[in-house]
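K.L.:
I have a structure I would like to understand better, so I am pasting it below and will then ask my questions one at a time.
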Amino acid sequence: MLIGFAGLGRMGRPMASHLAWAGHTVLGYDPLLEHAPERVTLVGSMTELAKAQLTISMLPDGATTRAFVEDGLSSATPDHLHIVMGTVGPDLVRELAGTATVKVVDAPVSGSVSMAEAGTITTMVGASPEQFEQIRPVLEAMTAAQFHCGPVGAGSTAKLAVNAVLAALSQGVAEGLLIAEAGGLDLTSFYGVLRNSAAGAPYVGYKEGAFLSPDTADVAAPIALIRKDVALALDLARKCRLSLPASEAVFAVLDDATATGLGQEDMAQVLTALRLRNGMPRTS
Numbered sequence: 237m238l239i240g241f242a243g244l245g246r247m248g249r250p251m252a253s254h255l256a257w258a259g260h261t262v263l264g265y266d267p268l269l270e271h272a273p274e275r276v277t278l279v280g281s282m283t284e285l286a287k288a289q290l291t292i293s294m295l296p297d298g299a300t301t302r303a304f305v306e307d308g309l310s311s312a313t314p315d316h317l318h319i320v321m322g323t324v325g326p327d328l329v330r331e332l333a334g335t336a337t338v339k340v341v342d343a344p345v346s347g348s349v350s351m352a353e354a355g356t357i358t359t360m361v362g363a364s365p366e367q368f369e370q371i372r373p374v375l376e377a378m379t380a381a382q383f384h385c386g387p388v389g390a391g392s393t394a395k396l397a398v399n400a401v402l403a404a405l406s407q408g409v410a411e412g413l414l415i416a417e418a419g420g421l422d423l424t425s426f427y428g429v430l431r432n433s434a435a436g437a438p439y440v441g442y443k444e445g446a447f448l449s450p451d452t453a454d455v456a457a458p459i460a461l462i463r464k465d466v467a468l469a470l471d472l473a474r475k476c477r478l479s480l481p482a483s484e485a486v487f488a489v490l491d492d493a494t495a496t497g498l499g500q501e502d503m504a505q506v507l508t509a510l511r512l513r514n515g516m517p518r519t520s
């Protein structure tokens with residue numbers, strides 16, 4: 237299949253490569269990229285992706301996603317199907333599905349850059365049952381698990397719910413480390429306790445390096461991106477008249493972290509943000 241892929245950043249780049257290795261012909265567009273991922277053909281304009289049968293966007297925010305769907309795909313045929321895989325929130329996805337000249341579904345993903353490279357990320361899909369079966373083989377080339385969550389927008393809702401939990405878990409680990417440190421514990425030893433305790437979710441295990449050795453650990457998900465996702469979750473909560481005190485507290489810390497220049501650091505750097513809040517040095 238001829239597939240157009242918009243957004244070849246840290247997550248999009250390996251995802252597009254997986255599609256190509258699976259036998260698809262992949263056209264990629266990213267104005268910030270000089271070299272194409274393996275087996276992917278770069279095009280010079282987003283409008284050139286419209287000639288594909290199916291397009292995917294893995295873009296950083298709603299504004300760029302809207303621009304791609306409304307402008308970049310304006311010349312696509314009415315049977316063209318576009319999959320929004322970036323995290324933009326359910327409202328925008330539903331709006332685009334109702335107004336765009338192409339068919340729109342959503343399939344945001346959960347997982348880190350290393351998981352995207354390994355093809356082990358999970359996708360949450362908002363589409364009709366027929367559309368889900370249509371795109372599932374494409375999604376299987378990039379992801380290890382595909383969940384049909386409901387109609388268009390449902391995948392984005394699921395992603396926001398997942399990231400609300402993830403952000404709260406990240407802050408919980410950071411606060412636990414501060415408590416342990418204040419009590420005189422060695423953080424490396426304590427992390428072993430935490431990893432093997434009832435709180436030892438998979439996230440706790442694979443984020444050990446990011447929390448304890450941030451200078452040498454890769455950035456899996458930057459604070460600015462998680463802040464954006466939690467903001468979208470809180471917007472949805474307000475529209476549904478929900479009170480989410482934990483997410484509100486998490487957002488305040490992420491906001492502080494972004495304001496102090498940590499926006500592009502890994503989300504585990506909420507530990508640094510909390511240290512600064514408490515008048516402590518950035519590292520122990």
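Residue numbers (my numbering): 237 to 520.
In this text, a Cβ means the ideal position worked out from N, Cα and C, and glycines have one as well.
Can you tell me whether residue 281 is buried or exposed, with buried defined as 16 or more other CB within 10 angstroms of its CB?
P.N.:
That one is exposed.
K.L.:
Are the segment 499-508 and the segment 432-447 touching by the rule of at least three beta carbon pairs closer than 8 Å?
P.N.:
Segments in contact, yes.
K.L.:
Kindly indicate which three-state DSSP category residue 339 falls into: helix, strand or coil?
P.N.:
Strand at residue 339.
K.L.:
Does DSSP put residue 412 in a helix, a strand or coil?
P.N.:
Helix.
K.L.:
Verify whether the separation of the beta carbon atoms of residue 253 and residue 276 is less than 8 Å.
P.N.:
Yes, the Cβ-Cβ distance between residue 253 and residue 276 is below 8 Å.
K.L.:
Tell me the DSSP bridge mates of residue 503?
P.N.:
Partner(s): none; residue 503 has no beta bridge.
K.L.:
Assign residue 476 to one of two classes, buried (16 or more other C-beta atoms within 10 Å of its C-beta) or exposed (fewer than that).
P.N.:
Classification for residue 476: exposed.
K.L.:
Taking contact to mean 3 or more Cβ pairs, one atom from each stretch, closer than 8 Å, check whether the segment 416-434 and the segment 388-405 are in contact.
P.N.:
With the cut-off at 8 Å, the segment 416-434 and the segment 388-405 do not touch.
K.L.:
What span of residues does the beta strand (DSSP E) with residue 467 cover, start to end?
P.N.:
Taken as a continuous stretch (DSSP letters only), residue 467 belongs to no beta strand (DSSP E), being part of the alpha helix (DSSP H) at 459-475.
K.L.:
Confirm, please, whether the CB-CB distance from residue 283 to residue 293 is below 8 Å.
P.N.:
No.
K.L.:
Would you tell me roughly how many angstroms separate the C-alpha atoms of residue 408 and residue 259, rounded to the nearest one?
P.N.:
Rounded to whole angstroms, residue 408 to residue 259 spans 42 Å at the Cα level.
K.L.:
For a test of the three-state rule: what should DSSP assign to residue 382, helix, strand or coil?
P.N.:
Note: residue 382 maps to strand in three-state DSSP.
K.L.:
Which whole-angstrom value is the C-beta distance of residue 466 and residue 490, which I expect to be below 8 Å?
P.N.:
Correct: roughly 6 Å between the Cβ atoms.
K.L.:
So with Cβ pairs under 8 Å, would you call residue 374 a contact of chain C?
P.N.:
Among the protein chains of the structure shown there is no chain C, as only one such chain exists.
K.L.:
Evaluate residue 263 with the Cβ neighbour count: other Cβ atoms within 10 Å of its Cβ, from every protein chain shown; 16 or more gives buried, anything less gives exposed.
P.N.:
The residue in question, residue 263, is buried, as its Cβ has 16 or more Cβ neighbours within 10 Å.
K.L.:
Comparing C-alpha positions only, which one of 494, 450, 447, 288 sits nearest to residue 460?
P.N.:
Residue 460 has its Cα closest to that of 494, out of 494, 450, 447, 288.
K.L.:
Buried or exposed for residue 373, please, with buried defined as at least 16 other CB atoms from any protein chain shown within 10 angstroms of its CB.
P.N.:
Its Cβ having fewer than 16 others within 10 Å, residue 373 is exposed.
K.L.:
For the segment 275-346, which segments carrying the alpha helix (DSSP H) assignment without a break, of at least 4 residues, lie completely within its bounds, in sequence order?
P.N.:
Counting only runs of 4 or more, we get 298-303, 326-335.
K.L.:
In the DSSP assignment, find the unbroken beta strand (DSSP E) run with residue 264 in it and report its ends.
P.N.:
Counting along the chain, the beta strand (DSSP E) containing residue 264 begins and ends at 261-265.
K.L.:
Does the Cβ-Cβ distance between residue 297 and residue 464 come in under 8 Å?
P.N.:
Cβ distance < 8 Å, so residue 297 and residue 464 count as in contact.
K.L.:
Could you tell me the distance, in whole angstroms, from the CA atom of residue 326 to the CA atom of residue 388?
P.N.:
Cα to Cα, residue 326 sits roughly 8 Å from residue 388.
K.L.:
Whole-angstrom Cβ separation of residue 349 and residue 456, contact assumed at under 8 Å?
P.N.:
Between residue 456 and residue 349 the Cβ distance is about 6 Å, and since that is below 8 Å, they are a contact.
K.L.:
Assign residue 273 to one of two classes, buried (16 or more other C-beta atoms within 10 Å of its C-beta) or exposed (fewer than that).
P.N.:
Result: buried.
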